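**Q**
Protein chains: 2
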Amino acid sequence: MAGASASARVESDPTRIMMAVNQSTIKGYPHASISSKGAFEWTLEKIIRTNTTGFKLLFLHVQVPDQDGFGVNARKRTGWLDTRGRVSGFDEVDSIYASPEDFKELKRRDRARGVHLLEYFVRRCHEIRVSCEAWIKIGDPNQVICHEVIRVRPDFLVVGCRGLGPFQKVFVGTVSEFCQKHVECPVIVIKRKPNEMPQDPVDD
Amino acid sequence: MAGASASARVESDPTRIMMAVNQSTIKGYPHASISSKGAFEWTLEKIIRTNTTGFKLLFLHVQVPDQDGFGVNARKRTGWLDTRGRVSGFDEVDSIYASPEDFKELKRRDRARGVHLLEYFVRRCHEIRVSCEAWIKIGDPNQVICHEVIRVRPDFLVVGCRGLGPFQKVFVGTVSEFCQKHVECPVIVIKRKPNEMPQDPVDD
């Protein structure tokens with residue numbers, strides 16, 4: 001799970017595909033979003049195909065900090081996961097009664113959830129013997145993806161998108177459009193399949 | 205050189221990549237533009253790699269009609285090519301003294317030039333044993349590419365672009381941006397390499 005490095009490359013190196021992946025807005029961590037999974041499966045089926053040694057996948061998961069600088073889940077879930085994985089404690093409250101130590105723990109936990117999300121992709125790659133790396137960054141997804149592309153220098157970037165209409169886009173961020181305009185490498189945007197669209201298309 | 209058809213597909217079919225290619229603005233027909241050649245070489249190197257049976261390339265060349273409904277070259281070159289390939293006759297004139305029959309001949313010749321352009325890509329594919337098809341359409345490139353994607357249903361579209369800045373874009377069409385927004389399949393835009401940029405970056 002080490003960060004990818006931009007080392008000097010020779011002709012026979014595998015094609016390095018960066019994939020920006022995020023969690024499901026419906027199921028939350030550790031589930032991957034519908035569009036991330038779709039973009040991943042599309043890449044396997046249409047690009048990598050049987051040439052598993054010709055490619056390396058680089059999975060980047062960006063966690064969005066809330067105003068306090070913690071992962072976005074810290075704001076929503078200030079309770080603890082019990083041994084059965086259920087949230088207990090002071091969930092769904094406006095005021096937060098937690099010590100700085102508690103927040104430190106939450107931050108660590110958010111990171112663990114991110115790792116768990118990446119596990120899905122890494123495990124699948126191991127199964128089909130495609131080389132991969134995966135890592136987490138915290139920040140604004142648009143900015144972080146642009147920065148990581150400059151740092152890691154993939155051959156191209158794959159991002160999933162919900163395929164929203166112009167009206168819906170006003171209310172939600174469209175990382176894919178930002179990437180197409182600003183990222184310093186070729187970008188391919190994979191829309192969700194119509195039959196995978198949830199009831200509310202803004203969900204993912 | 206037959207047009208590609210949108211037949212029913214099974215799992216093991218090759219990935220069908222459509223490539224929109226055009227002629228060089230500097231050398232004219234039959235030379236391919238720098239960005240078309242770059243996008244083609246990129247696709248071979250980064251996507252197809254050694255998996256030559258896993259992909260099929262579909263080359264579309266769109267010829268832009270001038271106001272008289274002829275290919276864009278009819279307006280600039282109203283003379284004839286002599287046996288050594290040089291233009292002779294009434295070249296570089298404002299008034300055109302040509303009969304309807306002459307224009308018919310020009311139209312035919314423009315088409316032949318388009319075929320000659322496509323030959324470059326088809327021959328290269330044959331050399332490396334990648335399956336391909338190539339065809340010509342006349343019309344507005346943006347509209348034609350969108351229409352052909354709906355008709356042919358490729359898995360994705362590759363287009364080269366000059367990588368112009370926003371100021372330069374005001375004066376020239378940006379087919380790549382239009383495709384990214386409107387084409388009904390994933391699109392990957394390949395920018396020209398900095399070392400391939402001609403003196404005037406608007407040239408290609």
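Chains as they are written, first to last, in this note's numbering: chain A, 1 to 204; chain B, 205 to 408.
Beta carbons are placed, not taken as given, at the ideal position from N, Cα and C, and that holds for glycine.
Since the structure is predicted, the reported quantities are computational estimates derived from the model, not experimental observations.
1. Could you tell me if B:His265 is buried or exposed, where buried requires 16 or more neighbouring beta carbons within 10 angstroms of its beta carbon?
2. Assuming B:Leu261 contacts B:Cys365 (C-beta within less than 8 angstroms), just tell me the rounded distance between them.
3. Could you list the residues in the segment 379 to 401 of chain B with a C-beta less than 8 angstroms from some C-beta on chain A, going in chain order?
4. Using a Cβ cut-off of 8 angstroms (strictly closer), state whether A:Pro155 contacts chain B.
5. Determine, using beta carbons only, whether B:Arg253 comes closer than 8 angstroms to chain A.
6. Buried or exposed for B:Ala316, going by 16 or more other Cβ atoms inside 10 Å?
7. Hey, does B:Phe274 have any beta-carbon neighbour from chain A nearer than 8 angstroms?
8. Distance check for A:Val158 and B:Arg327, CA to CA, integer angstroms please.
9. At a CB-CB cut-off below 9 angstroms, which residues of chain A make contact with B:Thr219?
10. How big is the Cα-Cα spacing for A:Asp155 and A:Ile138?
11. Could you tell me which uninterrupted alpha helix (DSSP H) segments, each at least 4 residues in length, are contained entirely in the segment 173 to 201 of chain A, listed from first to last along the chain?
12. Is there at least one Cβ from chain B nearer than 8 angstroms to A:Gly54's Cβ?
13. Should B:Pro218 and B:Thr247 be called a contact, given that it needs their Cβ atoms to be closer than 8 angstroms?
14. Is it right to say A:Pro63 is buried, meaning 16 or more other beta carbons lie within 10 angstroms of its own, or is it exposed?
15. Can you tell me whether B:Ile221 is helix, strand or coil according to DSSP?
16. Quick check on B:Ile340: does DSSP put it in helix, strand or coil?
17. Report all residues from its chain with a CB closer than 7 angstroms to the CB of A:Ile188; omit the five preceding and five following residues, and keep chain order.
18. When burial is assigned at 16 or more other CB atoms within 10 Å of the CB, is A:Glu45 buried or exposed?
19. Provide the residue(s) that pair with A:Ala32 in DSSP beta bridges, ordered along the chain.
20. By how many angstroms is the C-alpha of A:Arg192 removed from the C-alpha of A:Val202?
21. Within 10 Å of its beta-carbon, does A:Ile48 have 16 or more other beta-carbons around it, so buried, or fewer, so exposed?
22. With distances taken between CB atoms, is the gap from B:Val348 to B:Glu388 smaller than 8 angstroms?
23. Cα separation between A:Pro141 and A:Ser35?
24. Residue range of the alpha helix (DSSP H) that B:Leu310 falls in?
25. Taking just the CA atoms, how far does A:Ile190 sit from B:Pro390?
26. Tell me whether B:Glu337 is buried or exposed, calling it buried when 16 or more other Cβ atoms sit within 10 Å of its Cβ.
27. Can you tell me whether B:Gly198 is helix, strand or coil according to DSSP?
28. Measure how close the beta-carbons of A:Met19 and A:Phe59 come, nearest whole angstrom, since I'm counting them as under 8 angstroms.
29. Use the C-beta contact count for B:Ser216: other C-beta atoms within 10 angstroms, 16 or more gives buried, fewer gives exposed.
30. Let's test the definition: count the other Cβ atoms within 10 Å of the Cβ of B:Arg355 and tell me whether it reaches 16, buried, or not, exposed.
31. Return the CA-CA distance between B:Asp306 and B:Asp314, expressed in angstroms with no decimal places.
32. Which residue wins for smallest C-alpha separation from B:Pro417, given the options B:Ile221, B:Arg312, B:Ser228?
33. Using beta-carbon positions only, say whether B:Asp408 and B:Ser237 come within less than 8 angstroms of one another.
**A** Walking through what the data contain:
1. That one is buried.
2. 18 angstroms between Cβ atoms; not a contact.
3. Here the close residues are Gln384, Pro390, Val391, Ile392, Val393, Ile394, Lys395.
4. In the sequence under discussion, the amino acid at residue 155 of chain A is Asp, which differs from the Pro named in the question. With a threshold of 8 angstroms between beta carbons, A:Asp155 makes contact with chain B.
5. At a cut-off of 8 angstroms between C-beta atoms, B:Arg253 counts as an interface residue with respect to chain A.
6. By the Cβ neighbour-count rule, B:Ala316 is exposed, with fewer than 16 other Cβ atoms within 10 Å of its own.
7. Only weak support exists for where B:Phe274 lies, its pLDDT of 46 falling under 50; the coordinates are left without a value.
8. C-alpha of B:Arg327 to C-alpha of A:Val158: approximately 30 angstroms in a straight line.
9. Correct list: Glu45, Lys46, Ile47, Arg49.
10. Looking at the two C-alpha atoms, the distance is approximately 23 angstroms.
11. Within the segment 173 to 201 of chain A, the runs of alpha helix (DSSP H) at least 4 residues long that lie entirely inside it are, in chain order, 175 to 182.
12. At least one chain B Cβ lies under 8 angstroms of A:Gly54.
13. Contact flag unset, no.
14. For the sequence presented, residue 63 of chain A should be read as Gln rather than Pro. By the 16-neighbour rule on beta-carbons within 10 angstroms, A:Gln63 is buried.
15. Strand.
16. When secondary structure is reduced to three states using DSSP, B:Ile340 falls in the strand class.
17. Result list for A:Ile188: Phe156, Val158, in chain order.
18. Result: exposed.
19. DSSP, once it has assigned bridges, lists A:Gln23 as partnering A:Ala32.
20. Taking the straight line joining both Cα atoms gives about 12 angstroms.
21. Label assigned to A:Ile48: buried.
22. The beta carbons of B:Val348 and B:Glu388 sit no closer together than 8 angstroms.
23. Note on geometry: alpha-carbon atoms of A:Pro141 and A:Ser35 lie some 15 angstroms from one another.
24. 304 to 332 is the span of the alpha helix (DSSP H), which, as asked, contains B:Leu310.
25. Across the structure, B:Pro390 and A:Ile190 are spaced so that their CA atoms are roughly 6 angstroms apart.
26. Result: buried.
27. In the structure displayed, chain B extends from 205 to 408; residue 198 of chain B sits before or after that span and is not available.
28. About 5 angstroms separates the two Cβ atoms, so the contact holds.
29. In summary, B:Ser216 is exposed, with fewer than 16 beta-carbon neighbours lying within 10 Å of its beta-carbon over all protein chains present.
30. Counting Cβ neighbours within 10 Å, B:Arg355 comes out exposed, since fewer than 16 surround it.
31. Approximately 12 angstroms, taken between the alpha carbons.
32. Given a span of 205 to 408 for chain B in the structure shown, any question on residue 417 of chain B remains unanswerable.
33. Contact flag set, yes.
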